[in-house]
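Position 62 (the sequence shown) corresponds to 1204 in my numbering; numbering is contiguous.
Beta carbons: idealized from backbone N, C-alpha and C, even for Gly.
Note that the structure is a prediction, hence the values are computed from the model and not measured.
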Amino acid sequence: MLFSMFPPGVYTVRASAVGFKTVRVTNVRVSVDQTTRVDFKLEEAAIELGEEVVVVAERPLVQRDLTSTSSKVSSDIIAKLPVENFTDIINLQAGVVEGHFRGGRIGEVAYMIDGIPVNDVFSNTYAIQVENHAIQEMEIVTGTFNAEYGQAMSGVVNIVTKEGGERYTGSFSVYTGDYVSSNRDLFMNIERVNPTDIYNFQGTLGGPVFKNKVNFFLSWRYYKNDGWIYGRRIFTPYDSSNFSSDDPSKWYIGATGDSSYVPMNPERRLTLQGKLSFKVTPSNKLNIEGLYQRRFYKIYDHNFKYNPDGDYKRYQYAYTLTLSYTHVLSSKAFLTVKGSLLYNDYQQYVWKDINLYPDPKRLQDASNNAFLTGGAQMWHFFRNTRTYIAKVDYTNQITNTHQIKTGVETRFHRLWLREYEIVRDERFKDRFVPSLPPRTAFNNNEYLHRPYEFSAYIQDKMEFEYLVANVGLRFDYFEPNGKVLIDPDHLPSDRPLPDSLFRRAKPKYQLSPRIGLAYPITDRGVIHISYGHFFQIPPFEFLYTNPEFEIEVGRLKSKIGNADLQPERTVSYEIGLQQQLADDIAIDITGYYKDIRNLLGTQIHQYLNVDKFARYINRDYGNVRGITISLEKRFRGGIGATLDYTLQLARGNASDPDAEFLNNQADPPIEGNKQLVPLDWDRRHSLNFTISLGQPDNFVLSFIGKIGSGLPYTPAFQNQRTAVENSDNKPAVYTFDMYFYKLFKMFGFNAQFFVKIYNLFDIKNELEVFGDTGRAGYTLSMIYSGRPRGINTVEEYFKRPDFYSEPRQIIFGISFDF
């Protein structure tokens, strides 16, 4: 019996026939995009009421039909590991380096919730996240993926959420904690341990609304973390100081702050999720799902260490609504229709009211490696994205060996952006009055665009005794719905530019073949080979940047978008071996190569033969080659473990789309790379492991370890390169996390006490380094820099807590479930 139309989960399957004993197979695990095969052997017997044979199934360690690298992480595995967010699980997979899949840039991964994309097309990163306790299963595809997936070049993450069952279940969890570290010389205020600095409330509730007809599932989480980097409110944004004299005794320091400690990288997140499942008939189902998230956070800016109230605050508000209907046409065919709305709103400012802003001159009071003694960030940034998705998928097991899957999808986007800088109102000469620049200025922009996409695919999964093949073809079409400059090298000074200088951006399309083969060599071993072409429109942010094409006079500062950007393209190859070494142990060895073209970059143009500006074009390229080795020990006998090693070389001519723009801002300009160099995320060696000990129904002690060689950096002295880009490496990184829980009964509920310790050994991993030393803790600039014109010493200024990883974090909690 084959199962390919059921949602992921654990099932019990029963087979019976007259004259045979009934056989019931329990613990049958169905995974997304995999065929689960259950074979029954019925014994002849006289009919006896209630007699049946019970067989407990085990998850196979070797997936016979796996034609490319894919990992399935179920809810019971997540529950045993010290992980807080789904991204922690992703970064444990072989070939993934801090969100980069097999050497690709950030934004080359398709994130999906129950088969619906949740990428914000503005940045191509996920707009909303599912909390771990609401995940039924995660599929993480780092290899060549099937034709049904599009708008991705490096990987796919498909999260399947939980559904309510036929009985009521629920859970509630709370924890509290703080950072506990001995690195007091680096992290300000770290010696003060306050359990309210980190706390979390979360819960679930599910069950029937109408038995055998309607089920529901609800989950919620509120998470608060004040972070590990603090500033001190010595100054306020309105303070004014004078350090112009060469005699420090004559400096005027206008500090009116209360000297209190202020979190500078905090986060607060509220997530609400609900799902209703209607059984229209015994074989047809309708799901209605909603996910809501609100988030506040800050990103540490070193210059505002003693003026923390002047730094940006960031707000994100997102939700998705999804309607999914599965209609079973026959015992071998079913149709799935889905529609969804994804909304993401992002805001960034210090104060919403522009009248609260101080004179921007306060940002210039201190200088020469000194912390700011007044002033505030002066830009306001608002944007939101709406994406409407409709898709239809049809699956038919037309024969025992051929499963045809085909579908179409449309996506309609609405992108709105508004950004402006607070400036002085020139009508008031004697005092600062905040005002907005004119709408024709480079620092006041707004746009509204409505691009759309269409895609279709067909694939055939062929399962023979000697071979499994996935063969597919995908068609993608994109209408940018924008305008582009006809000749960016000859622009008049008149503003706004006349329509005659523009033309409509052309639509883009591509056919992408995908093929994967799995060849069983023994009953415990499978070789797989895959090849595919992948297509992705660059993040829409770069299509529509600077919509009025305004050029700032002076040195190179301005960038303009390009709605006629070509799709970025990747051709990917891989070959691998899965082999079961023992009943509980399996190994997977995979080699891969990726050729990446049409990557986003910038091109420099001359304006009026005086000023320069940059325009986004397809100019960058790269390639990645590597090998991964994964070893898994199934959890049995009180122990389970995984080990993943990756050897990878990721090279390209540029890591950042703005590389050429930034190179030309240097004095003198830096020549762009004419050869392939290591990319910023080129971690040559990565080793991840997990160990779980104990009995899941009593206690579990688990560990996660991550070891990686240092990422590249560019040697430089006093901001001038002294060697080829990314020609040296930062120090290696080491991280070890621990999780322990103990189950017991309390007030009639199943209770769990737990403790999690992240960065168990309080290791100071150097994530960023100074270009002249290659270390985070020391730079030659401390010797050659003059005295700062401010209240700090030069040594204090070059002490960078943001160059290091998080210190040790300890949390304690308790949870109840029924």
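query, result
"For a test of the three-state rule: what should DSSP assign to residue 1330, helix, strand or coil?", "coil"
"With 16 as the cutoff for other CB atoms within 10 Å, does residue 1250 come out buried or exposed?", "buried"
"Take the Cβ of residue 1864 as the centre, count every other Cβ of all protein chains shown within 10 Å, and call the residue buried at 16 or more, exposed below.", "exposed"
"Would residue 1653 and residue 1617 qualify as a contact pair, given that the criterion is a beta-carbon distance under 8 Å?", "yes"
"Pairs of beta-carbons, one from the stretch 1268–1282 and one from the stretch 1577–1587, closer than 8 Å: are there three or more?", "no"
"In angstroms, rounded to a whole number, what distance separates the CA positions of residue 1631 and residue 1479?", "48 Å"
"Give every residue of the same chain whose Cβ lies closer than 6 Å to the Cβ of residue 1411, excluding the five residues on either side of it in the sequence, and list them in chain order.", "1365, 1437"
"Hey, how far is the Cα of residue 1732 from the Cα of residue 1216?", "22 Å"
"Measuring alpha carbon to alpha carbon, tell me which of 1348, 1331, 1931, 1368 ends up nearest residue 1338.", "1368"
"In angstroms, rounded to a whole number, what distance separates the CA positions of residue 1596 and residue 1932?", "57 Å"
"Enumerate in chain order the residues of its own chain whose CB-to-CB distance from residue 1658 is below 6 Å, with the five nearest sequence positions on each side excluded.", "1209, 1210, 1612, 1672"
"Starting from the Cα of residue 1887, find the closest Cα among 1874, 1844, 1957 and give me that residue.", "1957"
"Helix, strand or coil for residue 1865? Go by DSSP, reduced to three states.", "coil"
"Determine the closest residue to residue 1362 out of 1526, 1463, 1373, 1432, with distance taken between C-alpha atoms.", "1432"
"Which one of 1458, 1459, 1442, 1457 has the shortest CA to CA distance from residue 1451?", "1442"
"Would residue 1398 be called buried (16 or more neighbouring beta carbons within 10 Å of its own) or exposed?", "exposed"
"Given a cut-off of 8 Å, decide if residue 1680 and residue 1707 are closer than it, judged by their beta-carbon atoms.", "yes"
"In chain order, which continuous runs of the beta strand (DSSP E) of length 3 or greater are located wholly inside the stretch 1885–1916?", "1891–1900"
"Taking 8 Å as the threshold (C-beta atoms), are residue 1508 and residue 1382 in contact?", "no"
"From which residue to which residue does the alpha helix (DSSP H) around residue 1801 run?", "1801–1807"
"Grab me the residues of residue 1625's own chain with a C-beta within less than 8 Å of its C-beta, minus the 5 sequence neighbours each way, in chain order.", "1644, 1645, 1646, 1647, 1705"
"Cutting at 6 Å between CB atoms, please list the residues of its own chain near residue 1550, excluding the five before and the five after it.", "1534, 1598"
"How long is the line joining the alpha carbons of residue 1832 and residue 1278, rounded to whole angstroms?", "20 Å"
"Taking residue 1840 as the reference, give the member of 1893, 1855, 1468 with the closest Cα.", "1893"
"Using 8 Å for Cβ pairs, my map puts residue 1667 next to residue 1688. What's the rounded Cβ distance?", "Not quite, the Cβ-Cβ distance comes to about 56 Å (not below 8 Å), so this is no contact."
"Let me check one thing: in DSSP terms, what residues is residue 1242 bridge-paired to?", "1239"
"List the endpoints of the continuous alpha helix (DSSP H) containing residue 1717.", "Per DSSP, residue 1717 belongs to no alpha helix (DSSP H); it is in the beta strand (DSSP E), 1710–1724."
"Short of 6 Å in beta carbon distance, which residues of its chain neighbour residue 1661, apart from the five on each side in sequence? Order them along the chain.", "1609, 1669"
"Go ahead and pull the three-state DSSP assignment for residue 1504.", "helix"
"Helix, strand or coil, according to DSSP, for residue 1838 in the structure here?", "coil"
"I need the straight-line Cα distance from residue 1822 to residue 1901, nearest angstrom please.", "24 Å"
"When the Cα atoms are used, what is the spatial distance from residue 1771 to residue 1872?", "24 Å"
"Would you tell me roughly how many angstroms separate the C-alpha atoms of residue 1220 and residue 1313, rounded to the nearest one?", "16 Å"
"Using the Cβ count rule (16 or more neighbours within 10 Å means buried), how would you classify residue 1664?", "exposed"
"Between residue 1949 and residue 1233, how many whole angstroms is the CB-CB distance? I'm expecting something under 8 Å.", "Not quite, the Cβ-Cβ distance comes to about 19 Å (not below 8 Å), so this is no contact."
"From residue 1201 to residue 1715, what distance separates their C-alpha atoms?", "28 Å"
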